[in-house]
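Residue numbers (my numbering): 7 to 302. C-beta: ideal position from N, C-alpha, C; glycine also. Since the model is a prediction, treat every value here as computed from it, not as a measurement.
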């Protein structure tokens, strides 16, 4: 534990260290692999595939994404999202990481700018353009994202008329990834990073800490993929169930681990209909920040 604390002290969250493209790529790949490898309820894990996507697809996608986020300083955020989706489609047949690409692209660009990460994220988001929106819309269409059947303002099926951040702000109430763009990644920095630090600081191994992080975020922020597919009420019910699991101890107690199993079974009914996929994407963003800063 002392080694981890010393490491965090050198490269911690507020540090202004320079980050190389290779380090950013490695952090992205590590974040994606760790997220997929943790036994998070209702998600693809080493023990649970989906009908159209396997754990191996997630690992291949993680590897493919790395070189694209490494180039985030060379092109716009939207272009990086599109490049990530294109690279992923070459190695996996389904949409494995659109949400992750949308979250990691601005974080990677900010990281490569040097200095303290969160202010750089704010600058990156503030500089988003109409071209970023065009590329991001194209990425969403190519990925075949689910739960987008209803027409909405700034619909991705239409040509964008505003910059990417403004488009995301319009979607913030119905999509947590869009909300991150609108709020400067408030869920990632204000909820996720502290939750991960608490779990690791308590001595939990990384994969257990990731499950606890996932439960903390799911309990606090109703999953917007579930809400789009099954309605806000169902998403809130899942959040209440996650909070109940944490109250029993979660990964830290036998009773809590049994409760995690029950939550997992509930989420996997009807062909994984209640997959908290947006929460998993948010977990990956937190892990990326943590990997950049030496927490993992």
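I need the boundaries of the alpha helix (DSSP H) containing residue 284, first residue and last residue.
In the chain shown, residue 284 corresponds to position 278, counting from 1. In the DSSP assignment, residue 284 falls within the unbroken alpha helix (DSSP H) covering 283-298.
For residue 149, I'd like the list of residues in its chain whose CB is within less than 6 Å of its CB, leaving aside the five on either flank, ordered along the chain.
Counted from its first residue, the chain shown places residue 149 at position 143. Same-chain partners within the cutoff: 91, 101, 104.
Note down, in chain order, each residue of its chain lying with its Cβ closer than 8 Å to the Cβ of residue 190, except the 5 sequence neighbours on either side.
Counted from its first residue, the chain shown places residue 190 at position 184. Hits under 8 Å: 124, 127, 128, 131.
Looking only at its chain, what residues have a beta carbon closer than 6 Å to the beta carbon of residue 142, apart from the 5 residues adjacent to it on each side?
Walking along the chain shown from the start, residue 142 turns up at place 136. Same-chain partners within the cutoff: 84, 87, 170.
For the 8 Å Cβ check, are there 3 or more pairs between the stretch 50-66 and the stretch 111-118?
No contact exists between the stretch 50-66 and the stretch 111-118.
Given 8 Å as the limit, is there contact between the stretch 292-302 and the stretch 250-264, that is, 3 or more CB pairs closer than that?
Taking one beta carbon from each stretch, the stretch 292-302 and the stretch 250-264 have fewer than 3 pairs nearer than 8 Å; the two do not touch.
Within the stretch 164-213, note down every full alpha helix (DSSP H) run reaching 4 residues or more, in order along the chain.
Correct list: 170-176, 182-189, 199-207.
Please classify residue 26: does DSSP put it in a helix, a strand, or coil?
Here residue 26 refers to the residue found at position 20 when the chain shown is read from its first residue. If DSSP states are grouped into helix, strand and coil, residue 26 belongs with coil.
Helix, strand or coil for residue 86 per DSSP?
Counting from 1 along the chain shown, the entry for residue 86 is found at position 80. Residue state, collapsed to three classes: helix.
Using C-beta distances below 7 Å, list every residue in its chain close to residue 41, excluding the 5 sequence neighbours before and after it, in chain order.
Translated into positions along the chain shown, residue 41 becomes position 35. Cβ neighbours of residue 41 beyond the five flanking positions: 216, 286, 289, 290, 293.
What does the Cβ neighbour count give for residue 211, buried or exposed, with the cut at 16 atoms within 10 Å?
Stepping through the chain shown from its first residue, residue 211 is reached at position 205. Within a 10 Å sphere around the beta-carbon of residue 211 sit fewer than 16 other beta-carbons, which makes this residue exposed.
Taking C-beta to C-beta, are residue 166 and residue 188 nearer than 8 Å?
Working through the chain shown from its first residue, we reach residue 166 at position 160. Working through the chain shown from its first residue, we reach residue 188 at position 182. Contact flag unset, no.
Sufficient close CB pairs (3 or more, under 8 Å) joining the stretch 200-214 to the stretch 247-254
Using a C-beta cut-off of 8 Å, the stretch 200-214 makes no contact with the stretch 247-254, since fewer than three inter-stretch Cβ pairs fall below that distance.
Quick check on the burial criterion: 16 or more other C-beta atoms within 10 angstroms. Buried or exposed for residue 181?
Indexing the chain shown from 1 puts residue 181 at position 175. Burial call: buried.
How would you label residue 283, buried or exposed, when you count the other beta carbons within 10 angstroms and need 16 or more for buried?
Reading the chain shown from its first residue, position 277 is the one you call residue 283. Buried.
Taking residue 82 as the reference, give the member of 271, 136, 280, 178 with the closest Cα.
By 1-based counting over the chain shown, the position of residue 82 is 76. Of the listed residues, the one whose Cα sits closest to residue 82 is 136.
Span separating the alpha-carbon of residue 46 from that of residue 267
As a working mapping, residue 46 is identified with position 40 in the chain shown. As a working mapping, residue 267 is identified with position 261 in the chain shown. Computed Cα separation, rounded: 10 Å.
Close beta carbons around residue 238, own chain, < 8 Å, minus the five adjacent residues each side:
Counting from one through the chain shown, the residue named residue 238 turns up at place 232. Excluding residues up to 5 positions away in sequence, 228 lie with their Cβ nearer than 8 Å to the Cβ of residue 238 in the same chain.
If you follow the alpha helix (DSSP H) that residue 73 is in, where does it begin and where does it stop?
Taking the chain shown and counting its residues from 1, the one referred to as residue 73 is at position 67. Membership of residue 73 in the alpha helix (DSSP H) is indicated by the continuous run 61-76.
So residue 276 is in the alpha helix (DSSP H); what residue range does that whole segment cover?
Locating residue 276 in the chain shown gives position 270, where the first residue counts as 1. Segment 260-278, the alpha helix (DSSP H) holding residue 276.
Going by DSSP, name the residue or residues bridged to residue 51.
Counting from one through the chain shown, the residue named residue 51 turns up at place 45. The bridge partners DSSP lists for residue 51 are 54.
What does the Cβ neighbour count give for residue 265, buried or exposed, with the cut at 16 atoms within 10 Å?
Position 259 of the chain shown holds residue 265. Buried, since its Cβ has 16 or more Cβ neighbours within 10 Å.
Can you tell me whether DSSP reads residue 20 as helix, strand or coil?
The residue given as residue 20 occupies position 14 in the chain shown. Only weak support is given to the placement of residue 20: the predicted model assigns it a pLDDT of 42, under 50, and the question is left unresolved by the model.
For the alpha helix (DSSP H) that contains residue 235, what are its first and last residues?
As a first step, residue 235 must be located in the chain shown, where it is residue number 229. Taken as a continuous stretch (DSSP letters only), the alpha helix (DSSP H) holding residue 235 covers 230-236.
What's the call for residue 99, buried or exposed, on a 16-neighbour Cβ count within 10 Å?
In the chain shown, counting from the first residue as 1, residue 99 sits at position 93. Residue 99 is exposed by the Cβ-count criterion.
Rounded to whole angstroms, what is the Cα-Cα separation between residue 195 and residue 255?
The count along the chain shown starts at 1 and reaches residue 195 at position 189. The count along the chain shown starts at 1 and reaches residue 255 at position 249. Cα atoms of residue 195 and residue 255: separation of roughly 24 Å, rounded to the nearest angstrom.
Quick check on the DSSP output: the alpha helix (DSSP H) that includes residue 130 runs from which residue to which?
Here the question's residue 130 lines up with position 124 in the chain shown. DSSP places residue 130 in the uninterrupted alpha helix (DSSP H) bounded by 123-132.
What first and last residue would you give for the alpha helix (DSSP H) that runs through residue 105?
In the chain shown, counting from the first residue as 1, residue 105 sits at position 99. Judged by DSSP secondary structure, residue 105 falls within the alpha helix (DSSP H) whose first and last residues are 104-118.
Pull up the distance between the alpha-carbon of residue 300 and that of residue 68, whole angstroms please.
Within the chain shown, numbered from 1, the residue matching residue 300 stands at position 294. Within the chain shown, numbered from 1, the residue matching residue 68 stands at position 62. Taking the straight line from one Cα to the other gives about 19 Å.
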